[in-house]
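Residue numbers (the working numbering): 2 to 110. For glycine and all other residues, C-beta sits at the position ideal for the given N, C-alpha and C.
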């Protein structure tokens, strides 16, 4: 049930991101969309990761996100693409980034 809720929320966020990708987006948008998607994938290994990757890549490449936010997006995209290859250090970066932007990951290892 929790995984289904996470999946629905993450999917809705990705769809919203896709719809507004050309509008002004902020670094907070990356965390607002990325953190629930990361949590959903960690909970269920779901297909939402593929949808989230597309949206997050679009945001990363938009030029609206730079510096630490862009680095966080790169690591989040790597995790969503292949969770088993992400280092402990990069997983910590993901957790810390989500936490700093008000999202506590509940399923992320």
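Whole-angstrom C-beta distance between residue j and residue i, which should lie under 8 Å
i: residue 60; j: residue 109; result: Actually they do not touch by this definition, with Cβ atoms about 20 Å apart.
Given residue i as reference, the closest of the options once Cα atoms are compared
i: residue 56; options: 78, 29, 43; result: 78
i: residue 1; options: 27, 58, 81, 88; result: No information on residue 1 is available, as it lies outside the stretch 2 to 110 that the chain covers here.
i: residue 70; options: 42, 97, 51; result: 97
i: residue 83; options: 53, 105, 64, 66; result: 53
i: residue 90; options: 50, 58, 76; result: 76
For residue j and residue i, the rounded distance between their alpha carbons
i: residue 28; j: residue 34; result: 10 Å
i: residue 37; j: residue 87; result: 18 Å
i: residue 22; j: residue 67; result: Model confidence at residue 22 stands at a pLDDT of 45, short of 50, so the residue's coordinates are unreliable and nothing is read from them.
i: residue 63; j: residue 73; result: 15 Å
i: residue 65; j: residue 101; result: 19 Å
i: residue 41; j: residue 50; result: 8 Å
i: residue 95; j: residue 105; result: 11 Å
i: residue 85; j: residue 92; result: 11 Å
i: residue 31; j: residue 103; result: 12 Å
i: residue 107; j: residue 99; result: 11 Å
Please specify which runs of the alpha helix (DSSP H), each continuous and at least 4 residues long, are wholly inside the segment 25 to 60, giving them in chain order. For the segment 25 to 60, whole alpha helix (DSSP H) runs of length 4 or above, ordered along the chain, are 28 to 45.
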